[in-house]
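Each residue of the sequence shown is one higher than the last, beginning at -7 in our numbering.
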Amino acid sequence: MKKWILAVAVSAAISGCAIESANDAIDVTTAQASLPAGVSLIETVSVSDSEIGIPYKKYRLANGLTVILHQDRSDPLVHVDVTYHVGSARELAGRSGFAHLFEHMMFQGSQHVGDEQHFKVVTEAGGTLNGTTNSDRTNYFETVPSNQLEKMLWLESDRMGFFLPALTSEKFEVQRETVKNERAQRIDNRPYGRLGERFAQALYPEGHPYSWPVIGWPEDLDRATLDDVKHFFERWYGPNNATLTIGGDFDESQTLSWVNKYFGEIPSGPQVDSAAKTPVTLDKTRYLSMEDKVHLPLLYIGMPTVYAGHPDEAALDLLANIIGGGPTSLLYKNLVKEGYAVQASVGHPCQELACQFTLYALANPATGGKLDLLEAKIDESIAEFEQRGVTDEDLEKVKVQFEADTIFGLQSVRGKVSTLAANQTFYGNPNMVAQDLARYNSVTKDDVMRVFKQYIKDKPKVVMSVVPEGQSQLVAKADNFSPVLLPVAAEAVTGLTDIKPVVSSFERAKMPPPGKAPVLTVPTLWTSSLSNGIEVMGTESKETPTAELVIYLEGGHRAVPVEKAGLAQLTAAMMGESSTKHSTEELAHKLEMLGSSISFGAGGSQSYVQVSSLSKNLAATLAILQERLFTPGFNSADFERVKQQQLQSLQQAMTNPSYLASNGFSALLYGKNTAMGSSQLGTVESLSALTLEDVKAFYQQQYTAGSAQMVMVSDLAKDNVMPMLSGLSQWGGKATALSPINKRLYAAPATIYIIDKPDAAQSEINIGKRALSYDGTGEYFKANLMNYPLGGAFNSRINLNLREDKGYTYGARTQFSGQEDTGEFIASASVRTDVTGAAIAEFIKEIQAYQQAGMNDEELAFLRNSITQGQALDFETPYQKAGFIRRIQRYQLDPQFTQQQTEIINSITTTELNSLAKSLLDINTMVILVVGDKDVIQEQLAPLGYPIQVIN
């Protein structure tokens, strides 16, 4: 990655990147002569050390494919992104969900890539991959070791040019079920899950492309046919509607040659015109409501504004931040601070065709929970803003935050590639980073007031209430809106033209071999200690001028008596409030003006403090950290508010099936009256009983130098960093004592336990037991190798069975997890309610078969290739480096432990791994937990032959 120098202000830094047009600043004839036939250089963008931006070269193939190349040699990896300018906005009435369904279909093989091989090929190459769909684009991406680039271009070109010959009705039906499972898991079975799609129906006029959900209406998915999918591909998936972006460590000339070879023969698709950006207006305020399986009533308000890239977008973003952007905002002051809401925020999300100004608040039931009161408080806050106006600090705060967010977003190759691809797709110009900074930097106070009056003040809006079932009296106002459904479009796809078949000049069936394996460089670590004995371990990371500091404190939830469960998290939350010197808002303001963040948290066996800062502001940020660490205010008003927020969050979590499954499973393994078996959020009883004195006592016990270790990743050298940390040398106190974990079994194995969740759309399944504690190179590490073919990869036996073959779930997995003194094995999935029994039967069948026969030689070869080659991706971002350092620090590992792991992977045999499977995967030693609708699933479970118990 490029070197950064940010000694100048943003206004100087954004003076502009150097753009050399292919038609003037370079010798076109010379440049073109060196390119493959059919490839044209469009522009070259370079970035100096004093500028913020992403250097790249932009090309275009004869078939219209746009190609963007960004070189970054800091890590031996490449990120490949193919973005098609099509999303759900290109669908028609009654035909929703096509774009997203098609994204799933694109992973099912093509003419020269076998069924279900896409994930296998990329994973075996040591890479990661995925695809995403939104309203306006669909993208497919892979991050792989740099020697695997040609293989990725082969894969992506084959599905762009040769998808249809491999399309079958069987694949289509499985993926339709998979999408339905995804919808059930992410929308129907999730609290507030249907809010977005209901709200969009009210905000946008009928027939507007944003008025239906990206994932589609269930009846529209049922209506889809195989021919519809075929026509969707033919209409939108031509190279002229795509951008191929490659970033990382690669040879530019060779890469262009490969791109032209694999993509150049694919003919252009039908012409694609830009969609109309028709302004959205409301004739009056629309009220709608919904009852849901939630604890906290929610009020969601929105009004239409502009569209992404509009001249007023930046000013509206600043307005949203002032009214509802964090602890210094008006909404926080008037709703959260005063106890009317547990959370409140304002945003201005933008899409290609439209933006919306949104305000939301989660009501605090302790103050009644009535949403008409919240609506009135929000209206009062908006009126207060008009009287208050905009200050110079308001503008400066948001501009500093935008600068910091921009820089932090450039820490990974993927982040930079995604930025280039999105800017090209939506604006036709990848070079938007500096322009965006300039856009926000130029916003004035008058601009903010103007957009407030033009788009927000006294304008009609959509007001949506989501209330707990049976509590309709809490809605803001009676519904006055019902959606109007248009007739189903006669055709799912329009605008088709004759598509020329691809005639290839070479044999595409042969997968390209990898290049020479890249040289892996493990981060060079430094160690030091403060005068009070706190160990500091770090590394230099030169990619961006940022600093990431994490302070780990051994203890966390495990250091709390079970009758005070929730105290570790409550104390961490209080550490983020006021100090004895400044209020919560004053400290938040100081951090905002630095573009920094300090967050306190608590996990099962650790509390932690996470600090993120631009390097130039690290010293000032650490001064705020010291104030929070050493002089917490612990005032009663903060305590009552924060305690109430955690109590309401707990009760909300208790409506979430995945939380019930996770908490219930821990209770079965460790006992609900132990630290390991109780919720870190606590119980309603334990939280309600906690006092401010409990918090003060736990602070003295937990936040001590004796419990602390630090990890630092920055572009600053050790000799620059350690003097800045010296202020933490005044920290004292002994290490927090932890009680040993009880080894007894709390739940009978080979038993099915049910937690009843009436009317649940899906069942959460957890199968497992207590297992190995963590080690870096011993039996725990080898157990994870053993697990990889069973349920540790996308193309594992269990996921291919339950997701790809049966269509029961959106995803199924198995894993070993561990820490110093305990660990677990767990198999899990969220499945359709009607196949709960069948899904458990398949889990049992797969685990038993694997325990008895183990993996085969092909699976061993796969895991070897996948895991060893994937090490090239392990150390790219500061947080990846910090995680690596923390493992060494916490578990006292050899700094070369990854090399030792590689040696184990390359030498271990199927005999040894299968022996581990035989000893660790006895299904009769495991408990089975199901969270679902007892009345529906109990009959399905009885034939499995296990004892069944219903638990709370």
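Note that CB positions come from ideal geometry on N, CA and C, so glycine has one too.
Here the structure is a predicted model, which is why all the values come from computation and not from measurement.
- Under 8 Å Cβ to Cβ from Leu794, same chain only, skipping five residues before and after it: list those, please. The residue given as residue 794 occupies position 802 in the sequence shown. Cβ within range, chain order: Tyr800, Thr801, Ala804, Ala821, Val823, Ala831, Glu834 and Phe835.
- So Trp146 is in the alpha helix (DSSP H); what residue range does that whole segment cover? As a working note, residue 146 is residue 154 in the sequence shown. Unbroken alpha helix (DSSP H) run through Trp146: Leu141 to Gly153.
- Task: Going by CA-CA distance only, name the one from Asp748, Ala234 and Val476 that's closest to Ala653.
- Result: Position 661 of the sequence shown, counted from the first residue, corresponds to residue 653. Closest option to Ala653, Cα to Cα, is Asp748.
- Assuming Tyr695 and Leu621 make a contact with CB atoms under 8 Å, what is their CB distance in whole Å? Counted from its first residue, the sequence shown places residue 695 at position 703. Counted from its first residue, the sequence shown places residue 621 at position 629. 7 Å between Cβ atoms; contact.
- Do you know how far the Cα of Pro137 is from the Cα of Glu584? Within the sequence shown, residue 584 is the residue found at index 592, counting from 1. Within the sequence shown, residue 137 is the residue found at index 145, counting from 1. Looking at the two C-alpha atoms, the distance is approximately 37 Å.
- Query: CB Asp471 to CB Glu569, shorter than 7 Å?
  - Reply: Residue numbering aside, residue 471 sits at position 479 when the sequence shown is read from its first letter. Residue numbering aside, residue 569 sits at position 577 when the sequence shown is read from its first letter. Result no, Cβ atoms of Asp471 and Glu569 do not sit closer than 7 Å.
- Item | Exposure label - Glu868; buried when at least 16 CB within 10 Å | Position 876 of the sequence shown holds residue 868. With 16 or more other Cβ atoms within 10 Å, it is buried.
- In chain order, what residues of the same chain lie with their CB nearer than 7 Å to the CB of Asn15, ignoring the 5 residues before and after it? Within the sequence shown, the letter at position 23 stands for residue 15. Since pLDDT at Asn15 reaches only 44, below the 50 mark, its modelled position is unreliable, and no value is offered.
- Bridge-paired residues (DSSP) for Thr125: What you label residue 125 is simply residue 133 of the sequence shown in a count that begins at 1. Partner(s): Thr130.
- Thinking C-alpha only, which one of Gln379, Leu218, Leu936 and Glu367 is nearest Val946? A question about residue 946 goes unanswered here, because the residues of the chain that appear run from -7 up to 944.
- Message: Just to confirm the assignment: which complete alpha helix (DSSP H) runs, minimum length 4, are found wholly within the segment 772 to 853?
- Response: 828 to 845
- Message: So, at 7 Å on beta carbons, what are the nonlocal neighbours of Ser3 in its own chain, with the 5 sequence-adjacent residues on each side left out?
- Response: Looking up residue 3 in the sequence shown gives position 11. Residue confidence is low: Ser3 scores 29 on pLDDT, short of 50, so the model does not pin down where it sits. No coordinate-derived value is stated.
- Query: Roughly how many angstroms separate the alpha carbons of Ser410 and Pro553, rounded to a whole number?
  - Reply: Taking the first residue of the sequence shown as 1, we reach residue 410 at position 418. Taking the first residue of the sequence shown as 1, we reach residue 553 at position 561. Approximately 46 Å between the Cα atoms of the pair.
- Task: Could you tell me which of Lys534, Ala307, Ser337 and Asp309 sits nearest to Thr320, measuring between CA atoms?
- Result: Within the sequence shown, residue 320 is the residue found at index 328, counting from 1. Ranking the options by Cα distance to Thr320, first place goes to Ser337.
- Item | Ordered list of beta strand (DSSP E) runs contained in the segment 528 to 553, each at least 3 residues | 538 to 546
- Task: Would you mind listing the alpha helix (DSSP H) stretches within the segment 427 to 499 that are 4+ residues and don't spill past its ends, in chain order?
- Result: 437 to 443
- Message: Using only the alpha-carbon positions, how far apart do Pro939 and Asn916 sit?
- Response: In the sequence shown, counting from the first residue as 1, residue 939 sits at position 947. In the sequence shown, counting from the first residue as 1, residue 916 sits at position 924. Those two C-alpha atoms are separated by around 12 Å.
- Query: Is Tyr254 helix, strand or coil when you go by DSSP?
  - Reply: In the sequence shown, residue 254 corresponds to position 262, counting from 1. Helix.
- Closest Cα partner of Gln63 within the set Lys408, Glu461 and Thr538: Taking the first residue of the sequence shown as 1, we reach residue 63 at position 71. Cα-wise, what sits closest to Gln63 is Lys408.
- Message: Buried or exposed for Arg633, going by 16 or more other Cβ atoms inside 10 Å?
- Response: Residue 633 sits at position 641 when you count from the first residue of the sequence shown. Buried, since its Cβ has 16 or more Cβ neighbours within 10 Å.
- Message: I need the boundaries of the alpha helix (DSSP H) containing Val272, first residue and last residue.
- Response: Locating residue 272 in the sequence shown gives position 280, counting from the first residue. Here Val272 belongs to no alpha helix (DSSP H), and DSSP marks it neither H nor E.
- Query: For Ala194, which option in Phe876, Glu461 and Met456 has the closest C-alpha, if you only look at C-alpha atoms?
  - Reply: The residue given as residue 194 occupies position 202 in the sequence shown. Among Phe876, Glu461 and Met456, the Cα nearest to that of Ala194 belongs to Met456.
- Task: Since I believe Leu345 is in contact with Ala355 (beta carbons under 8 Å), could you give me their beta-carbon distance rounded to a whole number of angstroms?
- Result: Here residue 355 corresponds to residue number 363 of the sequence shown, with the count starting at 1. Here residue 345 corresponds to residue number 353 of the sequence shown, with the count starting at 1. That belief does not hold up - the Cβ atoms of Ala355 and Leu345 are roughly 32 Å apart, past 8 Å.
- Query: Apart from the five residues just before and just after Val382, which ones in its own chain have a Cβ nearer than 7 Å to its Cβ?
  - Reply: Here residue 382 refers to the residue found at position 390 when the sequence shown is read from its first residue. Closer than 7 Å at the Cβ level, and outside the excluded window around Val382, lie Ile314, Lys437, Val440 and Met441.
- Message: Helix, strand or coil for Thr135? Go by DSSP, reduced to three states.
- Response: Here the question's residue 135 lines up with position 143 in the sequence shown. Looking at Thr135 - three-state DSSP - the assignment turns out to be strand.
- Message: In whole angstroms, give me the CA-to-CA distance for Lys664 and Lys910.
- Response: Here residue 664 corresponds to residue number 672 of the sequence shown, with the count starting at 1. Here residue 910 corresponds to residue number 918 of the sequence shown, with the count starting at 1. Roughly 30 Å between the two C-alpha positions.
- From the DSSP output, in three-state form, read off Arg762 for me. Reading the sequence shown from its first residue, position 770 is the one you call residue 762. Three-state DSSP puts Arg762 in a strand.
- Count the other CB atoms, across all protein chains shown, that sit within 10 Å of the CB of Gln672; report buried if there are 16 or more and exposed otherwise. Locating residue 672 in the sequence shown gives position 680, counting from the first residue. The residue is buried, with at least 16 neighbouring Cβ atoms inside 10 Å.
- On a CA-only basis, which of Arg87, Phe808 and Leu248 is nearest Gly783? Give me that one, please. By 1-based counting over the sequence shown, the position of residue 783 is 791. Comparing Cα-Cα distances from Gly783 to each of Arg87, Phe808 and Leu248, the minimum goes to Phe808.
- Looking only at its own chain, which residues have a Cβ that is under 8 Å from the Cβ of Leu327, when we skip the five neighbours before and after it? Taking the sequence shown and counting its residues from 1, one reaches residue 327 at position 335. Only Ala333, Ala336, Ala353, Leu366, Lys369, Ile370 and Ser373 meet the Cβ criterion.
- Task: Tell me Val958's beta-bridge partners as DSSP assigns them.
- Result: Given a span of -7 to 944 for the chain in the structure shown, any question on residue 958 remains unanswerable.
- Query: How about the segment 471 to 482 and the segment 122 to 141: do they share at least three Cβ pairs that are nearer than 8 Å?
  - Reply: no
- Item | Close beta carbons around Pro259, own chain, < 7 Å, minus the five adjacent residues each side | The sequence position of residue 259 within the sequence shown is 267, counting from 1. Cβ within range, chain order: Asn55, Lys492 and Val494.
- Which residues in the same chain have their Cβ closer than 7 Å to the Cβ of Ala306, if we skip the five residues on either side of it in sequence? Locating residue 306 in the sequence shown gives position 314, where the first residue counts as 1. So the qualifying residues of the chain are Arg431, Tyr432 and Val435.
- With distances taken between CB atoms, is the gap from Ala727 to Ser699 smaller than 7 Å? Residue mapping note: residue 727 aligns to position 735 of the sequence shown, counting from 1. Residue mapping note: residue 699 aligns to position 707 of the sequence shown, counting from 1. Yes, the pair counts as a contact, with Cβ atoms nearer than the cut-off.
- According to the Cβ coordinates, are Gly674 and Ala557 closer than 7 Å? Against the sequence shown, residue 674 aligns to sequence position 682. Against the sequence shown, residue 557 aligns to sequence position 565. It is a contact, given that the beta carbons lie within the stated cut-off.
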